[in-house]
Amino acid sequence: MWILWLIAALCVIYYVIIAVYSGLTTSFSVIWLVFAAVCVLFGIGWDAYMRHKDKVPLWLPVSVVTVCCTAVLVFTVVEILVFTGVTVRDTSRLDYVIVLGARVKETGISKSLKKRLDKAMEYLDENPGTILVLSGAQGDDEPVSEAEAMRDYLVFNGVREEQLILEMRSHSTVENIAYSRVAIEEDQEKKKARNQKNPVFMDPGTFELVPDKPIKIGVLTSDFHVFRAQQIAKKWGIPDIYGISCESDPILFVHFCVRECAAILKDKLVGNM
8 MWILWLIAAL CVIYYVIIAV YSGLTTSFSV IWLVFAAVCV LFGIGWDAYM
58 RHKDKVPLWL PVSVVTVCCT AVLVFTVVEI LVFTGVTVRD TSRLDYVIVL
108 GARVKETGIS KSLKKRLDKA MEYLDENPGT ILVLSGAQGD DEPVSEAEAM
158 RDYLVFNGVR EEQLILEMRS HSTVENIAYS RVAIEEDQEK KKARNQKNPV
208 FMDPGTFELV PDKPIKIGVL TSDFHVFRAQ QIAKKWGIPD IYGISCESDP
258 ILFVHFCVRE CAAILKDKLV GNM
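Quick note on this note's numbering: the sequence shown kicks off at 8 and runs consecutively.
Printed below as a string of structure tokens:
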């Protein structure tokens, strides 16, 4: 079938575009070559089936079509959840915003990370009392930790270091959330200790004790990544987390959507969300 050959060619072309544009030749981008190979095999199988239809048991083509349709259906449902499942909420005046890291190259931060940091600065301009938790360790192919690279970019662009907390132990979204939660709790303990050292004395009857106001925490990441980050946060101790999204790279958008679908299914299966 000519449509399968066309899809295979488009997959190969897209892989080349990804490789040239971002250098992601050793990561999940190989999936596009796998898709191309599958389409070629299906095309060969289809031709063989049409030539020998009377010799092929009916259950075989039915099974292949069922598997393919199921895969497309699962992908569609997951992508609908990714882009419409995030409730629109007022994200102003949050106490902490976790900024999830992304790849750092020898030449500097990646385009995806720059978009997240620009969004973080935009948020701080409107909410100057918020603390940013910069989350990301140093990968084997990264010159510095993602958290340090984020700090350097933000400070260079005028953000005060007092507004930044660095979390440099995480290598995945699950660890981003878990370790950032620990960093926030440690910061809260430091603030309580400072308040106890400098108590405010008031005359009896001039005040009323009220419960501590719950802290409001958000997570800032690329648009395709917000849903998974929120679901992981709910599973790992931040049940009421606010999602803040930034635009993703338009050239890599389809690639990111496919990768995110696989990541969501994997995290759901292993119990991370």
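Note that CB positions come from ideal geometry on N, CA and C, so glycine has one too.
DSSP, read as helix, strand or coil, puts Thr114 in coil.
Straight through space, the alpha carbons of Val85 and Tyr186 are spaced by roughly 27 Å. The continuous stretches of alpha helix (DSSP H) do not include Ser229, which lies in the beta strand (DSSP E) extending over residues Ile224 to Ser229. Put simply, the stretch 182-196 touches the stretch 140-159. At least three CB pairs are less than 8 Å apart. The beta-bridge partner set that DSSP reports for Gly250 consists of Val226. With contact defined as three or more Cβ pairs closer than 8 Å, the stretch 146-158 and the stretch 109-118 are in contact. Beyond the five residues adjoining it in sequence on each side, Pro68 comes within less than 8 Å, by CB distance, of Tyr56 in the same chain, given in chain order.
Secondary structure of Val63 (DSSP, three-state): coil.
C-alpha of His178 to C-alpha of Ala78: approximately 29 Å in a straight line. In the DSSP assignment, Glu174 is bridged to Ser142. Judged by DSSP in its simplified three-state form, Ile105 adopts strand. Ranked by Cα distance from Val166, the options Pro246, Ala154, Pro135 and Met175 are led by Pro135.
Around the beta-carbon of Thr83, fewer than 16 other beta-carbon atoms lie within 10 Å, marking it exposed. By the beta-carbon neighbour count (other beta carbons within 10 angstroms, threshold 16), Ser99 is exposed.
Note on Ser70: under 16 other CB atoms within 10 angstroms of its CB, so exposed under the neighbour-count rule. For Met8, no alpha helix (DSSP H) encloses it, and the DSSP letter there is neither H nor E.
Secondary structure at Asp148: coil, using DSSP grouped into helix, strand and coil.
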